[in-house]
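In UniProt numbering, the protein residues as written are 1 to 465. Single-structure report; data block below.
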Ligand SMILES: Nc1ncnc2c1ncn2[C@@H]1O[C@H](COP(=O)(O)OP(=O)(O)OP(=O)(O)O)[C@@H](O)[C@H]1O
Ligand SMILES: [Mg+2]
């Protein structure tokens with residue numbers, strides 16, 4: 001491997017023999033730089049960025065804490081591993097609270113050093129991936145709040161823009177939660193009527209007797225309870241856009257009146273015969289199959305043809321899975337608690353779930369996960385169980401960890417993480433230990449020893465050809 005493509009590690013220790021030891025363990029797989037004291041390390045950190053920093057805690061002058069703080073100030077995604085004498089483990093734990101990734105207590109096993117550094121590097125890579133996604137999010141095309149770079153989403157947005165420019169009726173189709181309301185607002189915002197009002201009405205939420213007066217208004221005394229005259233939503237939307245949500249739910253008699261209003265561009269308030277001119281562009285939406293509704297006699301054919309002039313279908317999430325990471329991160333950012341992102345397992349579960357409730361369901365799932373998440377990133381366990389979890393690794397359940405004394409809990413969590421990490425490595429490289437060792441930055445023999453220690457069998461991951 002060339003020097004440039006090898007991950008970089010800075011080792012800081014005031015004892016020459018320790019620097020030599022680390023160089024020997026890590027020198028094969030990493031580009032190792034050494035610093036004999038904290039001041040030299042600080043100077044190096046000012047001039048360049050490292051992937052991982054391994055530093056002794058106790059040093060004269062600038063100590064491991066000073067190095068840790070400088071790293072986190074300059075390059076937060078650089079991972080720091082502390083080296084400590086067994087007696088000062090509480091200090092190391094304190095350092096982990098300040099952002100160190102892990103610690104090694106002396107005396108340590110060379111395999112352990114290689115594994116901890118490999119895991120620190122894997123975490124940095126993950127973090128960089130999330131950062132990349134965030135940049136993509138910042139640069140993502142957003143059509144009046146509609147996010148998505150997939151082909152179906154780009155096509156839908158292009159259609160919405162086209163429909164917005166002309167003044168005809170737009171019909172939005174799509175399953176629940178696909179963004180029909182957002183699309184209606186986008187049509188308005190993109191249209192020449194954008195300075196006018198946007199009036200939305202959910203046709204399914206009103207009792208049948210009220211829909212008509214809501215839409216067309218009524219005269220004083222038109223019916224019991226009509227104590228004053230009322231302007232209908234059609235009139236209110238004049239000069240702007242009237243959004244008829246769930247138009248498939250309109251009662252048949254109101255459908256007749258809606259059809260006439262659209263045809264004549266005028267309305268009659270309930271209880272009067274005087275026509276009033278209205279100038280509202282109608283955007284209608286439904287999750288129903290209107291053609292089937294027509295066939296079943298629940299929707300008037302004439303109204304269907306009048307609405308079905310320019311139709312845009314909002315694609316369900318399962319047809320645009322590539323938008324999922326972006327949307328998930330968008331809702332994470334909106335959720336109000338600053339979390340770093342998702343673990344790879346959580347992201348995999350999100351992108352493979354069926355999402356019958358589409359974007360709305362995703363938004364709710366992320367909000368719930370943010371509320372329950374304990375760590376800096378959303379984990380598989382934080383997601384609603386109905387997403388269908390993929391098989392987990394060998395991690396101990398948190399209850400059993402809580403019962404162990406602190407040090408043992410840390411160790412056994414570490415073991416579980418190591419086993420997960422080794423399993424993931426074997427999966428990625430189909431049991432090829434040479435390639436896996438290369439990626440993990442350790443020698444083949446060391447990886448063999450670790451696999452044996454953690455009971456992970458490379459043979460189990462070999463693909464049968
Ligand atoms: N492409 C998108 N990008 C960002 N947010 C979206 C997108 N699509 C939908 N949303 C968000 O998802 C939620 C549901 O969207 P919306 O209410 O527009 O869906 P809908 O199709 O009207 O659903 P329903 O049929 O259930 O009324 C909203 O919070 C909306 O902001
Ligand atoms: Mg809606």
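Virtual Cβ for every residue (Gly too), placed ideally from N, Cα, C.
Check: Counting only C-beta atoms, is residue 151 closer than 8 Å to chain C at any point?; Outcome: In the structure shown, chain C does not exist; there is a single protein chain.
Check: Determine the direct distance from the alpha carbon of residue 247 to that of residue 285, and round the result to whole angstroms.; Outcome: 6 Å
Check: Assuming contact is defined by CB atoms lying nearer than 8 Å, are residue 423 and residue 309 in contact in what I supplied?; Outcome: no
Check: So, are the CB atoms of residue 365 and residue 383 less than 8 Å apart?; Outcome: yes
Check: What would DSSP say about residue 199, mapped onto helix, strand or coil?; Outcome: strand
Check: Give the secondary structure of residue 275 by DSSP, where H, G and I count as helix, E and B as strand, and everything else as coil.; Outcome: strand
Check: In whole angstroms, give me the CA-to-CA distance for residue 397 and residue 64.; Outcome: Its pLDDT being 36, under 50, residue 397 is placed unreliably by the model, and nothing is read from it.
Check: Can you grab the Cα-Cα spacing for the pair residue 44 / residue 341, in whole Å?; Outcome: 30 Å
Check: According to the Cβ coordinates, are residue 68 and residue 55 closer than 8 Å?; Outcome: yes
Check: Within the continuous alpha helix (DSSP H) that includes residue 65, where are the two ends?; Outcome: 64-74
Check: Can you find a heavy atom of ligand 2 that lies under 7 Å from the Cβ of residue 249?; Outcome: no
Check: Taking DSSP as the reference, what is the three-state secondary structure of residue 163?; Outcome: helix
Check: When you compare only the Cα positions, how much space is there between residue 294 and residue 211?; Outcome: 20 Å
Check: Could you compute how far the alpha carbon of residue 72 sits from the alpha carbon of residue 119?; Outcome: 18 Å
Check: Assuming residue 272 contacts residue 186 under a Cβ cut-off of 8 Å, what Cβ separation, rounded to an integer in Å, is found between them?; Outcome: Not a contact, Cβ separation roughly 35 Å.
Check: By DSSP, does residue 241 sit in helix, in strand, or in coil?; Outcome: strand
Check: Does any heavy atom of ligand 1 sit closer than 7 Å to the C-beta of residue 188?; Outcome: no
Check: In the DSSP assignment, find the beta strand (DSSP E) that holds residue 223 and state where it starts and stops.; Outcome: That residue, residue 223, is in no beta strand (DSSP E); it is neither H nor E in DSSP.
Check: What runs of the alpha helix (DSSP H), each 4 residues or longer, lie entirely inside the segment 97-141?; Outcome: 110-139
Check: Less than 7 Å between the CB of residue 182 and some heavy atom of ligand 1, yes or no?; Outcome: yes
Check: For residue 291, count neighbouring Cβ atoms within 10 angstroms of its own Cβ and tell me buried if that reaches 16, exposed if not.; Outcome: exposed
Check: Looking at residue 430: is its Cβ nearer than 8 Å to the Cβ of residue 115?; Outcome: no
Check: By the 10 Å Cβ neighbour count, where 16 or more other Cβ atoms means buried, how is residue 269 classified, buried or exposed?; Outcome: buried
Check: Measure the CB-CB distance between residue 344 and residue 126 and report whether it falls below 8 Å.; Outcome: yes
Check: Are residue 178 and residue 358 closer than 8 Å when you measure CB to CB?; Outcome: yes
Check: Mind checking which residues open and close the alpha helix (DSSP H) that includes residue 502?; Outcome: This structure does not reach residue 502, given that the chain is present from 1 up to 465, and the question cannot be answered.
Check: If I'm right that residue 174 touches residue 313 with Cβ under 8 Å, what's the distance once you round it to whole angstroms?; Outcome: 6 Å
Check: Flag this pair as touching only if the segment 200-216 and the segment 140-149 have three or more C-beta atom pairs under 8 Å; answer yes or no.; Outcome: no
Check: In this structure, how does DSSP classify residue 359 when only helix, strand and coil are distinguished?; Outcome: helix
Check: Go ahead and label residue 446 buried or exposed: buried means 16 or more other beta carbons lie within 10 angstroms of its beta carbon, across all protein chains shown.; Outcome: buried
Check: To the nearest angstrom, how far is it from the Cα of residue 160 to the Cα of residue 191?; Outcome: 10 Å
Check: Run through DSSP, which three-state label would residue 386 get?; Outcome: helix
Check: Roughly how many angstroms lie between the CA atoms of residue 229 and residue 171, to the nearest whole one?; Outcome: 31 Å
Check: Pull up the DSSP beta-bridge partners for residue 285, would you.; Outcome: 172
Check: Can the beta-carbon of residue 236 be found less than 8 Å from the beta-carbon of residue 283?; Outcome: no
Check: If you follow the alpha helix (DSSP H) that residue 352 is part of, which residue opens it and which one closes it?; Outcome: 344-352
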